[in-house]
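Be aware that the sequence shown starts at 133, since it is given in my numbering, and climbs by one per residue.
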Amino acid sequence: SFREIIASDYTDQNREEVQRWLRKEPGAFDWTPVVKYVCELEGDREKWPEKEEKVRRAVKRYLKCDVTQPNPLAPLTLPPADCLLSSLCFDGACKDIPTYRSAFRNISSLLKPGGHLLFCSTLEEHYYMVGQCKFSCFYLEKEVIEEAVRQAGFVIKWIEETRVNFPPSLSDAKKLCILLAQKCSP
């Protein structure tokens, strides 16, 4: 459990929507099903209101982040973090393998030596849909992720590949990849 969370996102729209949730504004996206699911995984589905408030209190800042830049949080420079979580970000931000590898090196600069990266990405995906809008993705296979993570100075502690079956109206992704990696000491 983290006492302080600094969240980030590339798009202004995503950051604004989450800020609305943090401020408990009417009409904000309802994260209740996600929070309930996490509580269920932890063994107590009924504690979701407490969990939701705990997360709101822990988020201290919500910043713009561009993983394709050497300092993804530029113009800010923050002390290195203990842990980074990246979920479904790189495949939309990166258009080729060199950019993808560079993105891992870039986010590595945000993490302390010995710190952990929890990373989630779709695999074998060409597109995803948000309503009627279709967004293209960088097509990935697990081996590309593993190589990029290692080349960025991480040791993979755990990796899992799971088949998914999204309807074509959402995505053509075939798999989901989740990994835990630790940043090597210099």
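Glycine is no exception: its CB is placed at the ideal position from the N, C-alpha and C atoms.
Using DSSP with H/G/I as helix, E/B as strand and the rest coil, what is R155? Three-state result, R155: coil.
So, for A213: in the same chain, excluding its five sequence neighbours on each side, which residues have a beta-carbon less than 8 angstroms away from its beta-carbon? Taken in chain order, the residues that qualify are I138, L242, L243, K244, G247.
Mapping the DSSP letters down to three states, classify V287 as helix, strand or coil. In the structure shown, V287 adopts extended strand secondary structure according to DSSP, grouped into three states.
Provide the residue(s) that pair with K315 in DSSP beta bridges, ordered along the chain. As DSSP reads the structure, K315 sits in a beta bridge with F286.
Throw me the rounded Cβ distance for the R147 and K179 pair, which I believe falls under 8 angstroms. Contact between R147 and K179 does not hold, since their C-beta atoms are separated by about 27 angstroms, which reaches or exceeds 8 angstroms.
Over the uninterrupted beta strand (DSSP E) stretch that includes S253, give me the two end residues. For S253, the enclosing beta strand (DSSP E) covers residues 243-255.
At least one CB of chain D closer than 8 angstroms to the CB of S268: is that the case? The structure shown contains no chain D; it is built from a single protein chain.
Go ahead and pull the three-state DSSP assignment for R237. Helix, per DSSP.
Out of A235, I310, R177, point me to the one whose CA is closest to V167's CA. Ranking A235, I310, R177 by CA distance to the CA of V167 puts R177 first.
What is the DSSP secondary structure of D214, counted as helix, strand or coil? Under the three-state reduction of DSSP, D214 is assigned to strand.
Residue(s) in a DSSP beta bridge with L195: Residue pairing from DSSP places L195 in a beta bridge opposite S140.
Are the CB atoms of D223 and F298 nearer to each other than 8 angstroms? Against a cut-off of 8 angstroms, the Cβ pair of F298 and D223 comes out as no contact.
Between the region 197-217 and the region 257-270, do three or more beta carbon pairs fall short of 8 angstroms? The region 197-217 vs the region 257-270: no contact.
Please determine, among V187, P211, E149, Y260, the residue with the shortest C-alpha to C-alpha distance to I239. Measuring from the Cα of I239, the nearest candidate turns out to be P211.
Under DSSP, the beta strand (DSSP E) around V262 begins and ends at which residues? It spans 259-262 - the beta strand (DSSP E) in which V262 sits, taken as one unbroken run.
Do you know how far the Cα of D141 is from the Cα of D162? Taking the straight line joining both Cα atoms gives about 18 angstroms.
What is the rounded straight-line gap between the Cα of F207 and the Cα of Q201? According to the sequence displayed, residue 207 carries Pro and not Phe. Going by the C-alpha atoms only, they are around 11 angstroms apart.
Thinking just about the alpha-carbon of each residue, which of D304, P165, E279, F286 is nearest to the one in S317? The shortest C-alpha separation from S317 is found at F286.
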